[in-house]
Every structure is written in structure tokens, then in C-alpha cells.
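Worksheet: the structure to be examined is printed underneath.
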Amino acid sequence: MNSYQEIINKIKPELEKVIKYLEGKLSRIRTGRVTPALVEDVVVECFGNKFPLKQLGAITVSPPRQIVIQPWDKSYLEPIEKALFKAEIGANPVVDKGVIRINFPPLTGEAKNNLIRMVSQNQEEARKTIRRWRDEAWREIQEKAREGKIREDDKYRAKKELQELIDEYNEKIEEMGEKKKKEILE
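The opening position of the sequence shown corresponds to residue 1102 in our numbering, with each subsequent residue numbered one higher.
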């Protein structure tokens, strides 16, 4: 394996992390349909510790736009409610007979536009991170070429392969964003 391929392979796990991070961010953006992903990672402070909501109760969706949270223990009700208010999820939680109900209003045109803008911002953030990794790998390749550890023709081959890899990840980012935008508009 050429040493430039080692440099390229070294950034692949980082690029995968960018995709996973974007996936997580996009899953928390509301669409026309509500999903447990909107609230499951809300951090709840309970008995001096912090827990993701999904560890403190069952989260179900009651069509068309209601999330129901059934805490494992009644003592979790108040901390969960507080955490949901702080999380600004776009709807207020209501405690009702030992469960928490969150009714999400239908998305207005303006709300949809704001969500689409949020998706675009997340995509751009991911693209910037991808570019940063590309630039770092390219700098390392050029440095090795100056040191004579990479031949000149390999340097250009490396640039082409690196760009192909970056294009592949940018395409994934684009596809994920378009899919989410389509879900928002449904």
C-alpha cells in the first residue's frame, strides 16, 4: 500500500463519524410525523445524575402527532417534564395520570421553512468538517511529497483519490438532507 493511501484510510473513520453525527442531528429535527427520536436523547437530571430520557421510561407515538412518555418510576415525572421544557422541542409536555403527553401542532409553512433551513445548516456544518479532513490529509500528502516519501505522480493520484472519497461523503450528506427535507414537506 502506498503511504498516501494510509493517509487517506486514516481519515475514513473520521468521515464516518461526521455522517453518524449528521444522522443524529437530522433525526432530532421534526417532520410532519413525530418520532421518539425527537425526545429520546433529551438529558434529564434525576437524583443528581444525568440520563437520556430513553433510560427513564417508555416512549411511544400516538398518531398523528403525540408522543407519550411512561416513566419507569413516578418520581421521574417532574425531572422529565422540566427537561422537556428546557429542550425546546416545539411543544409543551403535559403530565396526565402518571404519563407525559406532548402534542405537536401541525407544521405551518413557516415552521417547515425553518426546519428546512435547519437541515441545510446541519448539512453545511458536516460539509465544512469533511473539507477540514480533506485539507488535513492533503497537507500531510504534500508534506510527505516534499520529504520525498511520496513520488510526484503518486501525489497527484492521491489528490484524485482523496477528492473522490470526499465527493462520495458529500453525496451522502446531500442525500440525507434531501430525504429529510422531503419528509418535512410531506
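Glycine included, every Cβ here is placed at the ideal spot set by N, Cα and C.
Asked, Found
"Minimum C-alpha distance to residue 1118 - residue among 1253, 1188, 1132 and 1231", "1231"
"Nearest candidate by alpha-carbon position, reference residue 1155, set 1144, 1176 and 1265", "1144"
"Neighbour-count burial assignment, residue 1131, 16 or more Cβ in a 10 Å radius", "buried"
"Start and end residues, alpha helix (DSSP H) containing residue 1114", "1104-1128"
"The ligand ATP heavy atom lying under 6 Å from the CB of residue 1155", "Annotation note on the ligand ATP: not contained in the displayed structure, which lists no ligands."
"Reduced DSSP secondary structure (H/G/I, E/B, other) of residue 1186", "helix"
"DSSP state of residue 1226 mapped onto helix, strand, coil", "helix"
"For residue 1269, the first and last residue of its enclosing beta strand (DSSP E)", "Taken as a continuous stretch (DSSP letters only), residue 1269 belongs to no beta strand (DSSP E), being part of the alpha helix (DSSP H) at 1253-1286."
"Helix, strand or coil at residue 1169 [DSSP, three-state]", "strand"
"Separation of residue 1134 from residue 1287, as counted between CA atoms", "9 Å"
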